[in-house]
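Q: Quick one: the structure is below, and I'll ask about it shortly.
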Amino acid sequence: MRLSLSRDALPQLTCAIGGIKQIIIIIMDDQGCPRCKTTKYRNPSLKLMVNVCGHTLCESCVEMLFVRGSGNCVQCNTPLRKSNFRVQLFEDPAIDKEVEIRKKVLKIYNKREFDFYTLKEYNDYLEQVEDIVFNLTNNIDVERTKQMMEQYQRDNKDIIQRNKAKLTREQEELEELLLQEQQGSEQRRLETLQEEQRQLQAKRKNKQALLDELEISKLPAAVLLAQHKDRASQLETQIEKQKQNVKPANIFSTGIMMGQTVSLASVSRVEEVLYVYQPLCIDTYGPPVPELDQLGRLGISLHVIFSSLIMNGRCGLQLLESFGVAGLV
Numbered sequence: 001m002r003l004s005l006s007r008d009a010l011p012q013l014t015c016a017i018g019g020i021k022q023i024i025i026i027i028m029d030d031q032g033c034p035r036c037k038t039t040k041y042r043n044p045s046l047k048l049m050v051n052v053c054g055h056t057l058c059e060s061c062v063e064m065l066f067v068r069g070s071g072n073c074v075q076c077n078t079p080l081r082k083s084n085f086r087v088q089l090f091e092d093p094a095i096d097k098e099v100e101i102r103k104k105v106l107k108i109y110n111k112r113e114f115d116f117y118t119l120k121e122y123n124d125y126l127e128q129v130e131d132i133v134f135n136l137t138n139n140i141d142v143e144r145t146k147q148m149m150e151q152y153q154r155d156n157k158d159i160i161q162r163n164k165a166k167l168t169r170e171q172e173e174l175e176e177l178l179l180q181e182q183q184g185s186e187q188r189r190l191e192t193l194q195e196e197q198r199q200l201q202a203k204r205k206n207k208q209a210l211l212d213e214l215e216i217s218k219l220p221a222a223v224l225l226a227q228h229k230d231r232a233s234q235l236e237t238q239i240e241k242q243k244q245n246v247k248p249a250n251i252f253s254t255g256i257m258m259g260q261t262v263s264l265a266s267v268s269r270v271e272e273v274l275y276v277y278q279p280l281c282i283d284t285y286g287p288p289v290p291e292l293d294q295l296g297r298l299g300i301s302l303h304v305i306f307s308s309l310i311m312n313g314r315c316g317l318q319l320l321e322s323f324g325v326a327g328l329v
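For the record, in the sequence shown the residue sitting at position 186 is 186 according to UniProt numbering, with numbers rising by one throughout.
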């Protein structure tokens, strides 16, 4: 496909290409060492290093300034160690600083959602972690934030160690699953290679058998070629059947079986009969029990000692009133 341009459009295209090139130069000029002023544009193989303070230096300046293993940052004068320098991964060194700080903070604040009673507590905990990362990244109340982290580490030492052990076990299980998957794929690859070798040998034997028959047999060549074609077609059919019988991988690295489906159907609603209160019915197997207001009228309460009722407090007074003899107390 050819792109045809008029002469009037060429200056505009040249201007656009020049503008893009200028933008690329500006971006590459921004990525440079603040000490020796070397940029990515002038030296494409420039390797920038970043430390805990978030300021960058090129590899040559790091080797020259930190010969003794430690020194101060050129920009913020923070004491630094040479061993803490790492290759800058992002264009903005502040992002590298935040990533490194987040790793250190999450080693201490490693609680999970099931460690909290409510979702609100877990969300408040995550918000606290983000506040700590933000403060340390932007140098806001650094000393107070570090003291808070140390206090939290002392108060939750057992939980931190327990969650670290859980993470270690989960990582081991994941690595074991990955190793099993890798071994399975390697085994399938070897089986495929062996099967291809067997198929190649079978085809070679078939061709050699045809040549031998042409030399020895007295049958016409057309008959021998027809027999050879039949054997070749049978061999191809057998190869196709073997390919169809190859068992595919049946498990992912996460341990989930391939083809496993989850039912997303709505839960069927079970209609239940509502509870209806029914008074308790006690069968005494005898005469009916009189009501409280009948005890006084029928004279049943004449044998009751009033002192024992009075000692029972309010309940006793209520009984006396029901007996109709409360005025005697």
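A virtual CB, placed ideally from N, CA and C, is assigned to each residue, including glycine.
Using the rule of at least 16 other Cβ atoms within 10 Å of the residue's Cβ for burial, across every protein chain shown, is I159 buried or exposed?
A: Reading the sequence shown from its first residue, position 159 is the one you call residue 159. Classification for I159: exposed.
Q: Considering just the uninterrupted stretch of the beta strand (DSSP E) at P79, what are its terminal residues?
A: Counting from 1 along the sequence shown, the entry for residue 79 is found at position 79. Note, P79: beta strand (DSSP E), 79-81.
Q: Which residues in the same chain have their Cβ closer than 7 Å to the Cβ of F66, if we skip the five residues on either side of it in sequence?
A: Position 66 of the sequence shown holds residue 66. Excluding positions up to five away in sequence, the list reads K82.
Q: How is R68 classed by DSSP in three states: helix, strand or coil?
A: Position 68 of the sequence shown, counted from the first residue, corresponds to residue 68. R68: coil per DSSP, three-state reduction.
Q: Taking L36 as the reference, give the member of E63, Q153, C53 with the closest Cα.
A: Here residue 36 refers to the residue found at position 36 of the sequence shown. Reading the sequence as shown, one finds Cys at residue 36 and not Leu. Closest by alpha carbon: E63.
Q: Pair every Cβ in the region 51-60 with every Cβ in the region 81-97, then say whether three or more of these pairs are closer than 8 Å.
A: yes
Q: Exposed or buried, what is I27 when buried is set at 16 or more other beta-carbons lying within 10 Å of its beta-carbon?
A: Sequence index remark: in the sequence shown, residue 27 carries index 27 (1-based). Any answer about I27 is weak, because its pLDDT of 48 lies below 50 and its placement is not dependable; what the coordinates show is given next. Its Cβ having fewer than 16 others within 10 Å, I27 is exposed.
Q: Which residues bound the alpha helix (DSSP H) around V142?
A: To locate residue 142, count along the sequence shown from 1; it is residue 142. Start and end: 142-155.
Q: Could you pull the start and end residues of the beta strand (DSSP E) that T56 belongs to?
A: As a position in the sequence shown, residue 56 is number 56, starting the count at 1. From DSSP, the beta strand (DSSP E) with T56 extends over 56-58.
Q: Let me check one thing: in DSSP terms, what residues is T137 bridge-paired to?
A: Position 137 of the sequence shown, counted from the start, is the residue given in the question as residue 137. Answer is none; T137 lacks a bridge partner.
Q: Going by C-alpha distance, which of K107, Q208, Q171, I140 is nearest K157?
A: Counted from its first residue, the sequence shown places residue 157 at position 157. When only C-alpha atoms are compared, the closest one is K107.
Q: Do L235 and K203 come within 9 Å of each other at the CB atom, strictly closer than that value?
A: Mapped onto the sequence shown, residue 203 falls at position 203. Mapped onto the sequence shown, residue 235 falls at position 235. Yes, they are a contact pair.
Q: If I follow the unbroken beta strand (DSSP E) through V50, where does it start and stop?
A: As a position in the sequence shown, residue 50 is number 50, starting the count at 1. In the DSSP assignment, V50 falls within the unbroken beta strand (DSSP E) covering 48-50.
Q: So, helix, strand or coil for V276, using DSSP?
A: Translated into positions along the sequence shown, residue 276 becomes position 276. If DSSP states are grouped into helix, strand and coil, V276 belongs with coil.
Q: For Y117 and L190, what's the separation of their Cα atoms in angstroms?
A: Stepping through the sequence shown from its first residue, residue 117 is reached at position 117. Stepping through the sequence shown from its first residue, residue 190 is reached at position 190. Roughly 51 Å between the two C-alpha positions.
Q: Compute the Euclidean distance between the alpha carbons of C33 and L89, then round it to the nearest angstrom.
A: Counted from its first residue, the sequence shown places residue 33 at position 33. Counted from its first residue, the sequence shown places residue 89 at position 89. Computed Cα separation, rounded: 15 Å.
Q: Can the beta-carbon of Q227 be found closer than 9 Å to that of E195?
A: Mapped onto the sequence shown, residue 227 falls at position 227. Mapped onto the sequence shown, residue 195 falls at position 195. No, Cβ-Cβ distance for Q227 and E195 is not below 9 Å.
Q: T137 to I101, Cα distance in whole Å?
A: The residue you call residue 137 lines up with position 137 of the sequence shown. The residue you call residue 101 lines up with position 101 of the sequence shown. Answer to the nearest angstrom: the Cα atoms are 7 Å apart.
Q: Cβ atoms of Q199 and I239: under 9 Å apart, would you say?
A: Position 239 of the sequence shown, counting from 1, holds the residue named residue 239. Position 199 of the sequence shown, counting from 1, holds the residue named residue 199. In contact: I239 and Q199 (Cβ atoms closer than 9 Å).
Q: I'd like to know whether the C-beta atoms of Y125 and Y109 end up nearer to each other than 9 Å.
A: One-based indexing of the sequence shown puts residue 125 at position 125. One-based indexing of the sequence shown puts residue 109 at position 109. Result yes, Cβ atoms of Y125 and Y109 sit closer than 9 Å.
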